[in-house]
Structure formats: structure tokens, C-alpha cells
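Here is the structure we will look at, set down as C-alpha cells.
Number of protein chains: 2
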Amino acid sequence: MPKPLSTSEIEDFRDKLCDAGLQIFAEKGVEGLTLREVAARLGVSPMTPYRYFKDKDEILAAIRARAFNDFAEAMEAGARRGPDAVARSNAAGEAYIRFALEHAEAYRLMFQVSQKECADDHPLLAKAIERARATMTHHVKQLIAEGVFEGDAELIGHVFWAAIHGLVMLQLSGKFNERYDFDTVRHETFRALTQGFLKRG
Amino acid sequence: MPKPLSTSEIEDFRDKLCDAGLQIFAEKGVEGLTLREVAARLGVSPMTPYRYFKDKDEILAAIRARAFNDFAEAMEAGARRGPDAVARSNAAGEAYIRFALEHAEAYRLMFQVSQKECADDHPLLAKAIERARATMTHHVKQLIAEGVFEGDAELIGHVFWAAIHGLVMLQLSGKFNERYDFDTVRHETFRALTQGFLKRG
DNA sequence: GCGATAAAATATACGTTGTAAATTTATAGC
DNA sequence: GCTATAAATTTACAACGTATATTTTATCGC
């Protein structure tokens, strides 16, 4: 018999499948990702992925996890070198937005849930989400430590997260116009929110 | 020949189809809405809707338009009677959130775009969206008129819109936990944002 | 080396989807 | 009542996810 697949071979295949999946997403959007298409790109038959994943939902969860990791990576990389917490936080925020707009289909997938499947069922996905969340919280903690903000870091982090997410989603669904465009609304949002959390006195 | 369909008959059929569509959405979510299912509920054959709509995308656009109108209606109704602009604005905001969470599938549809179809191609949808936008802007104008806020009403309206949208979408995709739950983050978001737009002096 | 064996991969097939094309049904004017 | 034609239905097809059947393939004892 062919030797049973080693853990690393399984990992490898899954990784390649996620790569191909994200590429298809970027090219053709969510509905373009079919098992037949992704299998074709991997040079295997349409049924082969079923040896590595239970069903399409599990494949989507894996791609989602990968996307969340790429996303956290992008934020962390963007904010790596900066003179102070303010600069690094701004860089992280910009990296967030850049990632979301440049990988629109992946971003959409990341925050889309079919009632059928839930992050709790997919530990790797939950972990990837947690990593992204931690990255965002981290910058708020730094801002508090440097005496810029005051309050509950995680709470403030969620506030900013929701605000950025809303901006990005409205932008992606074309709800802004040229007069009140993304950058204008974003700037005003950040100005107002920041003011609301500044340390007093 | 059977008398050609009158405009009102066409309107009628489209209306009933949107009703059925929204009902299916609420029951089974986005993927539950198939032409065969909606046709069955109308008691017609699966091909009949094609006489009233070009394709499924046009049907979805019609349902979306209907949903946006229901949404605007809900906000307007919620804010109708209130002693002052602050109370009415809060009521509108609450109505927004209530609608979004109670009609989650419809709300998701409203803000979902497949790159294929765009609001510009569907005048009724564009109009419905504009109505919702106007409703939101209206309350900010009132707040400015009463001397609570200062600034560009439409811009501030978009800022609040994006923030609420982000909150709702994160909630719908299960990204909040019990410690930093929807109401907590929402409250803090409104507190901070409001502070950022208050009229000074 | 070499079948036997079982894991991995593929091929086939089915039910469901959107919808094109062919067909049937129903009503207006003559 | 016959016919022309709009409306509706039936039939059919390609593409999808995936269950099941089949084939390929790499390793084992010998």
C-alpha cells in the first residue's frame, strides 16, 4: 500500500489547497471557488480534497484561518518598526485597511458566517481569529501604557475594530460616494473616536 | 392570446415574489433562497419568475430594495414620536440595530454585493438605499439644528452609519464574546463618537 | 523480486441548482 | 370557432457538492 499520509504531508496538501483557494478567491470571488476548480489547480481529481477535509465548509474554514493569519501577519509587519505607540498603532490600522481592501474577497470570507458552521468547531480558525484580535488589542495596550489613552484596552480595541470593520464593509459594498468617500469618513471616525479615549488632564 | 400583463399585474407579482423571498431568507438564510422554492411558494412553475425578472441577480436586487425600504420604514417609525432630536436619534439608532439583528439574513443581503451586480443597474434599489441614507442624515441634521452636534451632517451621518454597521456585522459574525459583548462595545462606541462631535462651548 | 494488501486517488453517478429552448395553455380579434 | 400570440409550463442541460464504486500505487512478508 502507499504509505499512509504523514501529518506533514497532510499539512502540506492543506496548505497548498488554501493557497490555491485564496488565489481563486482573488481572481473570481467567493462563487468562483468550486471544488473542481481548486482540485484542477492542484492537479488532482475533484474528489481528492475529501481525503484531507470533511467537506467544503471545512475547506472554507481552513482558508478563513489562513486568511486571518495572513491578516494578523500584515498588521504585525506593518507596525513592526515605528518610533512610538502612536505611530505603530496608526501603521497597524493602515495595514488593516490596506489588507482588507487589497484582499477584498478574502476579507469578506473572513467575516462571513453561514449559520451552518461556526468558528468554535474549527480550532485553527479560532486560534487565527484570536491572534488577529490580540494584535489589535496589543496596540491599544501600548497606547495606554504610554499615557495616550485611558480605559479598558480590550474594550477600546473592540470599539476601533468595529469602527474599522464598518468602514471597510461599507466601502466594499459601495455605500460611500465621492463626496463622502472612504478616506474622509475614516479620518473623521478616527478623529472622533480617538478624542473619546484620550487620557484626560 | 391572454391579455398582455398590465404594469400593475407585473408590480403585483414582483411584490409577492419579494415577500416570499424575504420569508425564505428569514427561515433558511441566503442559500435557502432558490428559484424553485420561491416559485413553489407562489404556486407557479420555476420558470415563471423569468417573465418578471431577467435572472436571479435581478430578483435579489428587488428583494434588496424591498429590504432597504422596510429598513428605512423601521427607522422612521421608531423615531417618529420623541420629545427632542436626541431622543429621536437614539430611537432611530436603536431601530436600526433592532432591524439588523432581527432580520439578520435580510440585513446581510442588503450589504452584500457580488461584483457582478451593482446598485447603479437597479434604480429602485438605488432609491431605497438613498432613502435609508437620507433618514440617517436627517437625524444628524436635527442634532445640529438643536445645537447638540456641530459639523457636516452628512459626513457625521456616514461616520455613525459605518460604526453601527461594523458593530452589527461583527455581532452577526460572532466576533464578540460575553465579556466584550455587543451592548458594551456599542455603548462605548456611541459615547466616544458622540463626544467627538459635540458642539463646543 | 513478487504477489497480497490496503491506503490513496480517481471515476462514476445522483440530486440540486440556474436557466435556455421547446412545448403547451389560454385569450383576444376576426 | 378559428387563429395568432402572450403567458406559462415542461423538458433539458451544464455545473455544483459529494456518496459510492473502482482503479491505481506503494509497502509488506516471503
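Residue numbers (this note's numbering), protein chains in the order written: chain A, 1 to 201; chain B, 1 to 201. Even glycine gets a Cβ: it sits at the ideal position worked out from N, Cα and C.
Buried/exposed call for residue i, threshold 16 Cβ in 10 Å
i, result
"residue 89 (chain A)", "buried"
"residue 206 (chain A)", "Because chain A is modelled from 1 through 201, residue 206 (chain A) falls outside the range shown and cannot be assessed."
"residue 60 (chain B)", "buried"
"residue 87 (chain B)", "exposed"
"residue 156 (chain A)", "buried"
"residue 145 (chain B)", "exposed"
"residue 129 (chain A)", "buried"
"residue 24 (chain A)", "buried"
"residue 200 (chain B)", "exposed"
"residue 186 (chain A)", "buried"
Beta-carbon gap between residue i and residue j smaller than 8 Å
i, j, result
"residue 62 (chain B)", "residue 75 (chain B)", "no"
"residue 158 (chain A)", "residue 65 (chain A)", "no"
"residue 48 (chain B)", "residue 39 (chain B)", "yes"
"residue 139 (chain B)", "residue 166 (chain A)", "no"
"residue 113 (chain B)", "residue 174 (chain A)", "yes"
"residue 163 (chain A)", "residue 189 (chain A)", "yes"
"residue 135 (chain A)", "residue 72 (chain A)", "yes"
"residue 172 (chain A)", "residue 98 (chain A)", "no"
"residue 196 (chain A)", "residue 81 (chain B)", "no"
"residue 102 (chain A)", "residue 29 (chain A)", "no"
"residue 193 (chain B)", "residue 160 (chain B)", "yes"
Rounded straight-line distance, which links the Cα of residue j to that of residue i
i, j, result
"residue 68 (chain B)", "residue 94 (chain A)", "31 Å"
"residue 152 (chain A)", "residue 21 (chain A)", "38 Å"
"residue 34 (chain A)", "residue 56 (chain A)", "9 Å"
"residue 51 (chain A)", "residue 149 (chain A)", "50 Å"
"residue 126 (chain B)", "residue 14 (chain A)", "42 Å"
"residue 31 (chain B)", "residue 133 (chain A)", "29 Å"
"residue 12 (chain A)", "residue 42 (chain A)", "12 Å"
"residue 179 (chain A)", "residue 45 (chain A)", "50 Å"
"residue 96 (chain A)", "residue 176 (chain B)", "18 Å"
"residue 4 (chain A)", "residue 17 (chain A)", "19 Å"
"residue 205 (chain A)", "residue 100 (chain B)", "This structure cannot speak to residue 205 (chain A), because chain A is shown only from 1 to 201."
"residue 154 (chain A)", "residue 120 (chain A)", "21 Å"
"residue 124 (chain A)", "residue 170 (chain A)", "28 Å"
"residue 10 (chain A)", "residue 9 (chain B)", "58 Å"
"residue 26 (chain A)", "residue 83 (chain A)", "34 Å"
"residue 54 (chain A)", "residue 141 (chain A)", "39 Å"
Extent of the continuous alpha helix (DSSP H) run through residue i
i, result
"residue 125 (chain B)", "123-145"
"residue 76 (chain B)", "56-79"
"residue 165 (chain B)", "153-172"
"residue 112 (chain B)", "Taken as a continuous stretch (DSSP letters only), residue 112 (chain B) belongs to no alpha helix (DSSP H), as it is neither H nor E."
"residue 229 (chain B)", "No information on residue 229 (chain B) is available, as it lies outside the stretch 1 to 201 that chain B covers here."
"residue 45 (chain A)", "Careful: residue 45 (chain A) lies outside any alpha helix (DSSP H) and carries neither H nor E."
"residue 102 (chain B)", "85-102"
"residue 188 (chain B)", "182-197"
Residue i: CB within 7 Å of a non-hydrogen atom of the ligand COA
i, result
"residue 78 (chain A)", "Ligands are entirely absent from the displayed structure, and the ligand COA is therefore not among its contents."
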